[in-house]
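Sequence order for the protein chains is R, E and U. Using our numbering, the letters of the first sequence map in sequence onto residues 5 to 492. Using our numbering, the letters of the second sequence map in sequence onto residues 174 to 402. Using our numbering, the letters of the third sequence map in sequence onto residues -18 to 53. Backbone N, C-alpha and C fix where the C-beta goes; we use that ideal spot for every residue, glycine too. Owing to the predicted nature of the structure, the values given are computational and were not obtained by experimental measurement.
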Amino acid sequence: MQSNAALEYDYTVAKLYTYTAIVFGFVGMLIGTLIAAQLAWPELNYLFGEYGTFSRLRPLHTNVVIYGFTVSGVFATFYYSAQRVLKVSMAESKFVNGVAKLQFVLYFIAAASMVITELMGITQNKEYAQMEWPLDLLIVVIWVLWGVAMFGLIGIRREKALYISMWYFIACFLGVAMLYLFNNMAVPTYFTSGGVGSIMHSVSMYSGTNDALVQWWWGHNAVAFVFTVPIVAMIYYFLPKESGQAVYSYKLSLLSFWGLMFVYLWAGSHHLLWSTVPDWMQTMGSIFSVVLILPSWGSAINMLLTMKGEWNQLTENPLIKFMVLASTFYMLSTLEGPIQAIKSVNAIAHFTDWIPGHVHDGVLGWVAFMIMAGLFHMAPRMFKREIYSKKLIEAQFWLQTTAVVLYFTSMWIAGITQGMMWRAVDEYGNLMYSFIDTVTVLHPYYAIRALAGILYLTGFVMFAYNMVKTMTSSRELSEEPQFRSPMA
Amino acid sequence: MFHWLEKNPFFFAVGVFLVIAFAGLIEILPNFAEASRPVAGLRPYTVLELAGKEVYKKDNCIACHSQLIRPFKAETDRYGQYSLSGEYAYDRPFLWGSKRTGPDLHRVGNYRTTDWHENHMWEPTSVVPGSIMPAYKHMFTNKADIATAYAEAVTVKNLFNTPYGDDIKAGKEAFESYKPKILAEAKKIAAEMKNQDVKDAVAKGEIPEIVALIAYLNSLGDSRYAAAK
Amino acid sequence: MGLRELQGYASFFMTIFLVVMLYGYIVYLYRSEKKGKKDYEKLGKIALDDEIDSAPVNTSDPLPDEKKEQNK
């Protein structure tokens, strides 16, 4: 160990990603709320000409919240917690620090270009992989840099045993790398056609059913490795640290990890039930989706049991509230997902609003709650000030929880209504409803969903305000809090 | 052995990679060659149709429309014969979508006309009262990117053996000499349309996005099997 | 034997192998704790005691005096 007594953790990069998480979170949720409202009130499609239609904005919403907000949150919490669980400061290696800073700069460029190209309609049109090939290449560079920083930090660690959070971050790195590369295999047409047409355009190396398989192998596992694995990494660090309770069963966390790694990847084909992919693959996807409940609940229950005997903290500390509710929503959505993956349920649920409903109880209730709690926990340590307002966090918590509940209940009803109406037949076996009947009937649910969006967005603005106030004008702390984050 | 896996980050990473790569190898690789074979008599998209597919992608129609008819009576009654794997052989990327806020479009060419699409894209509620689809008036003025569509045809012909004729080949001159054929196809569509600006543009040798898009939508369905029937 | 068949066998045995590994790992975890060779639960402390100057937990091996206690 160095004799330098002034050695401290270096949060420069973690701070940068905290800022982008707040900005992209606001932008992404704002667009999300707008497009939710467009479905209820179509006149809202014409606010920005061709750039404001639902169809153009919808991938922008998903990409900004995934690659802007969530990924920023992942990098912020990684650059914060990895130092701490490895007991090594970024400041100890100029190389690692430099790589991390370069990664941030490139990340910001890529994210900004993503927004611009997608508004222009330059897209591969594969869900959650819309970005065209030049951006894909940039993302590969960013990802490699992350790997270099991660393994560089691991290389100089003092804590020899890798904490479970690090396992999950490593898995996130590897999983996304593999899936992203395979799914984005495309040929830029400009170079193969002797310089005709747009340089941005590319054509997929896979066609039809193959493309669908690769795409949903990616699409599903992007959920695994962006929305689950790194978020689990966060909760394994932040919940014990904030509550002062060690993980209930470390062994269970190790087993859940391997179970999740093995099972998750198989489940991708449940997005393609009743499609033209071979039956055995559909069945495989269906079965493994159900098996997936085990490792998911393994982690979630482990988190809840960590609070054993300390449930009073739930009423006293709003950050604990966020995290406990996050793992509860994680349990809910990992139960709901397998139910939707059962073939007979899927026949009704697929293509309906139940699916966005399911996604959102995961992302609003689990991912965003966890990221916000993590950033709140980090703020007093990074900025050496107490959190600006506890009251505001409490209010935000209730507002957003109400929003999530409104969101998924309205979409449950909408989805099942729609699914049942599509298949309803009269006594002679003729279809009872024309398609438009199944659209107009959903208006009230779309309106409720838009309201839920407004509530959640308001909550996020409160979060952003609270964070900015914490950074700038809150009471300064003389020493770093050990467990519970101090708040006024 | 396990002790060693827990301690060494490199071997740990290799272990994780093997476990996660396994499912992909099993589920995707074995079927690759078979799933990419076209059904008998299927022709590839024409260059104009490819340009229309680019419009479909650009305005992200898959956000609300699927192109996958599932094998249920309710779906075959509504949209026609259920979808077959070989019908997608020339779809790069696949455009199945994952959400039906609007109806399926896999066989929309069988039951909708150029005229219907023109009215619908200009003002959806004029043909479907209660529709929540936005109007796409900008497609009537924006020009379709024919060059890029041509480049795509050249690429899939040379790299993936998509059966295009010998007149589709690399190079700017080849594109210029192919252009009249694309225009001739666009004129047929424009002749069935009412919008005077679109007609004028096509007469001048320009192709508005709407013309390409309608060509693409009309190709979804039986007309792509014309050769076999 | 065709390629497809070979792939079938390969996947079957790979699955069996991974399942055996997973169960083997469970057995390993509990056995090594019972024998007092390791203490996995101690690793949970890494998150709690994470100051830059705090002593590393380092390994999952239990401290010498703990070992003695367990052997009593």
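Next item on the list: For Leu157(R), collect the residues of the same chain with a Cβ closer than 8 Å to its Cβ; drop the 5 residues on either side in sequence, then sort them by chain order.
Entry: Along the first sequence, one-based indexing puts residue 157(R) at 153. So the qualifying residues of the chain are Ala86, Gln87, Leu90, Val92, Met94, Ser97 and Val100.
Item checked: Met475(R) versus Gln134(R), Tyr392(R) and Pro299(R), residue with shortest Cα-Cα distance -> Here residue 475(R) refers to the residue found at position 471 of the first sequence. Per the Cα distances, Tyr392(R).
Notebook entry, point to check: Are the CB atoms of Tyr172(R) and Tyr240(R) nearer to each other than 8 Å?
Noted result: Your numbering for residue 172(R) matches position 168 in the first sequence. Your numbering for residue 240(R) matches position 236 in the first sequence. Yes, the Cβ-Cβ distance between Tyr172(R) and Tyr240(R) is below 8 Å.
Check: If you draw a straight line from the alpha carbon of Tyr132(R) to that of Arg12(U), how long is it in whole angstroms?
Finding: In the first sequence, the residue the question calls residue 132(R) occupies position 128. In the third sequence, the residue the question calls residue 12(U) occupies position 31. One C-alpha to the other measures close to 44 Å.
Next item on the list: Assign Tyr432(R) to one of two classes, buried (16 or more other C-beta atoms within 10 Å of its C-beta) or exposed (fewer than that).
Entry: Counted from its first residue, the first sequence places residue 432(R) at position 428. Looking at its Cβ environment, which holds fewer than 16 other Cβ atoms inside 10 Å, Tyr432(R) is exposed.
Check: Is Gly5(U) close to chain R, meaning its C-beta is less than 8 Å from at least one C-beta of that chain?
Finding: Here the question's residue 5(U) lines up with position 24 in the third sequence. False, the Cβ-Cβ gap to chain R never drops below 8 Å.
Note to self: Considering only their Cβ atoms, is the gap separating Leu243(R) from Ala271(R) smaller than 8 Å?
What the structure shows: Stepping through the first sequence from its first residue, residue 271(R) is reached at position 267. Stepping through the first sequence from its first residue, residue 243(R) is reached at position 239. Against a cut-off of 8 Å, the Cβ pair of Leu243(R) and Ala271(R) comes out as no contact.
Item checked: Residue-level contact to chain U via CB, Phe183(E), 8 Å cutoff -> Reading the second sequence from its first residue, position 10 is the one you call residue 183(E). Taking Cβ atoms only, chain U never reaches closer than 8 Å to Phe183(E), which makes this a no.
Note to self: Does the CB of Gly248(R) have a neighbour CB from chain U at under 8 Å?
What the structure shows: For the purposes of this step, residue 248(R) is identified with residue 244 of the first sequence, where counting begins at 1. Answer yes: the Cβ-Cβ gap between Gly248(R) and chain U drops below 8 Å somewhere.
Check: Is the shortest distance between the beta-carbon of Arg62(R) and the beta-carbons of chain U less than 8 Å?
Finding: On the first sequence, residue 62(R) is found 58 positions in, with the first residue counted as 1. No, Arg62(R) does not count as interfacial toward chain U.
Notebook entry, point to check: In three-state terms, what does DSSP make of Leu61(R)?
Noted result: Taking the first sequence and counting its residues from 1, one reaches residue 61(R) at position 57. In this structure, Leu61(R) counts as helix in the three-state DSSP scheme.
Next item on the list: Give me the Cα-Cα distance between Glu47(U) and Phe155(R), rounded to the nearest whole angstrom.
Entry: Here the question's residue 47(U) lines up with position 66 in the third sequence. Here the question's residue 155(R) lines up with position 151 in the first sequence. With a pLDDT of 47 at Glu47(U), under the threshold of 50, the modelled position of this residue cannot be trusted; read the value that follows with caution. Each residue's Cα considered, the two are about 33 Å apart.
Checklist line | alpha helix (DSSP H) runs wholly inside the region 277 to 349 of chain E, at least 4 long, in chain order | finding: 287 to 295, 297 to 300 and 319 to 333
Margin query: In the DSSP assignment, the alpha helix (DSSP H) including Val220(E) goes from what residue to what residue?
Written below: On the second sequence, position 47 is the one that residue 220(E) refers to. From DSSP, the alpha helix (DSSP H) with Val220(E) extends over Val220 to Lys231.
Next item on the list: Label Gly426(E) either buried or exposed according to how many other C-beta atoms from any shown protein chain fall within 10 Å of its C-beta, with 16 as the threshold for buried.
Entry: A question about residue 426(E) goes unanswered here, because the residues of chain E that appear run from 174 up to 402.
Check: Cβ of Tyr84(R) within 8 Å of Cβ of Met491(R)?
Finding: Taking the first residue of the first sequence as 1, we reach residue 84(R) at position 80. Taking the first residue of the first sequence as 1, we reach residue 491(R) at position 487. No.
Next item on the list: Pick out whichever of Glu484(R), Ile70(R) and Leu277(R) has its Cα sitting closest to the Cα of Ser390(R).
Entry: The count along the first sequence starts at 1 and reaches residue 390(R) at position 386. Just to set this straight, residue 390(R) is Glu in the shown sequence, not Ser. Checking every option, the nearest Cα to that of Glu390(R) belongs to Glu484(R).
Checklist line | Rounded separation between His311(E) and Pro302(E) - CA only | finding: Within the second sequence, the letter at position 138 stands for residue 311(E). Within the second sequence, the letter at position 129 stands for residue 302(E). Those two C-alpha atoms are separated by around 21 Å.
Check: So what does DSSP say about Glu12(R), is it helix, strand or coil?
Finding: Counting from 1 along the first sequence, the entry for residue 12(R) is found at position 8. It is coil, neither helix nor strand.
Next item on the list: Give a yes or no on whether 8 Å exceeds the smallest Cβ distance from Ser35(U) to chain E.
Entry: As a working note, residue 35(U) is residue 54 in the third sequence. Output row for Ser35(U): interface = no.
Next item on the list: Just the chain E side, please: which residues come within less than 9 Å of Arg427(R) by C-beta, in chain order?
Entry: Translated into the one-based positions of the first sequence, residue 427(R) becomes position 423. The answer, in chain order, is Phe245, Lys246, Ala247 and Glu248.
Next item on the list: List the DSSP bridge partners of Met491(R).
Entry: For the purposes of this step, residue 491(R) is taken as the residue at position 487 of the first sequence. Paired residues: Ile391(R).
Check: Hey, out of Trp222(R), Gly423(R) and Val367(R), whose CA is closest to Gly338(R)'s CA?
Finding: The sequence position of residue 338(R) within the first sequence is 334, counting from 1. A small fix is needed here, since residue 338(R) is Thr in this sequence, not Gly. Among Trp222(R), Gly423(R) and Val367(R), the Cα nearest to that of Thr338(R) belongs to Val367(R).
Checklist line | Inter-residue CB distance, Pro307(E) and Asn49(R) (contact presumed, cutoff 8 Å) | finding: Here the question's residue 307(E) lines up with position 134 in the second sequence. Here the question's residue 49(R) lines up with position 45 in the first sequence. Right, their Cβ atoms sit about 4 Å apart.
Item checked: Contact set between the region 353 to 371 of chain E and chain U, restricted to residues whose Cβ is under 9 Å from the partner -> none
Check: Along the chain, where does the alpha helix (DSSP H) that runs through Val75(R) open and close?
Finding: Your numbering for residue 75(R) matches position 71 in the first sequence. Looking at the DSSP string, the run of the alpha helix (DSSP H) that includes Val75(R) is Val75 to Leu90.
Checklist line | Selection of the region 127 to 146 of chain R by Cβ proximity to chain E, strictly under 8 Å | finding: Thr127, Gln128, Asn129, Lys130 and Glu131
Item checked: Beta carbon of Leu323(R) nearer than 8 Å to that of Ala377(R) -> Taking the first residue of the first sequence as position 1, residue 323(R) is located at position 319. Taking the first residue of the first sequence as position 1, residue 377(R) is located at position 373. Cβ atoms of Leu323(R) and Ala377(R): closer than 8 Å.
Next item on the list: Return the chain-ordered ranges of every alpha helix (DSSP H) run that is complete within the region 312 to 364 of chain R and spans a minimum of 4 residues.
Entry: 316 to 320, 322 to 345 and 347 to 353
Notebook entry, point to check: Can you tell me the Cα-Cα spacing of Ile113(R) and Thr24(R), whole angstroms?
Noted result: Within the first sequence, numbered from 1, the residue matching residue 113(R) stands at position 109. Within the first sequence, numbered from 1, the residue matching residue 24(R) stands at position 20. Cα to Cα, Ile113(R) sits roughly 12 Å from Thr24(R).
Margin query: Quick check: the Cα distance between Met415(R) and Asp30(U), rounded to an integer number of angstroms?
Written below: Sequence index remark: in the first sequence, residue 415(R) carries index 411 (1-based). Sequence index remark: in the third sequence, residue 30(U) carries index 49 (1-based). In a straight line, the C-alpha of Met415(R) is about 43 Å away from that of Asp30(U).
Check: In chain order, what residues of the same chain have a beta carbon less than 6 Å from the beta carbon of Pro182(E), not counting five sequence neighbours either side?
Finding: The sequence position of residue 182(E) within the second sequence is 9, counting from 1. Cβ neighbours of Pro182(E) beyond the five flanking positions: none.
Next item on the list: Could you tell me whether any Cβ in chain U is nearer than 8 Å to the Cβ of Pro282(R)?
Entry: What you label residue 282(R) is simply residue 278 of the first sequence in a count that begins at 1. No, its Cβ sits nowhere closer than 8 Å to a Cβ of chain U.
Check: Does the Cβ of Trp45(R) have 16 or more other Cβ atoms within 10 Å, making it buried, or fewer, making it exposed?
Finding: As a first step, residue 45(R) is located in the first sequence; it is residue number 41 there, counting from the start. That one is exposed.
Next item on the list: In the DSSP assignment, find the beta strand (DSSP E) that holds Pro192(R) and state where it starts and stops.
Entry: Against the first sequence, residue 192(R) aligns to sequence position 188. Per DSSP, Pro192(R) belongs to the beta strand (DSSP E) from Ala190 to Pro192.
Next item on the list: Within its chain, find whatever has a CB closer than 7 Å to the CB of Val212(E); leave out the 5 residues flanking it on each side and keep chain order.
Entry: Within the second sequence, residue 212(E) is the residue found at index 39, counting from 1. The residues are Leu257, Gly259 and Glu260.
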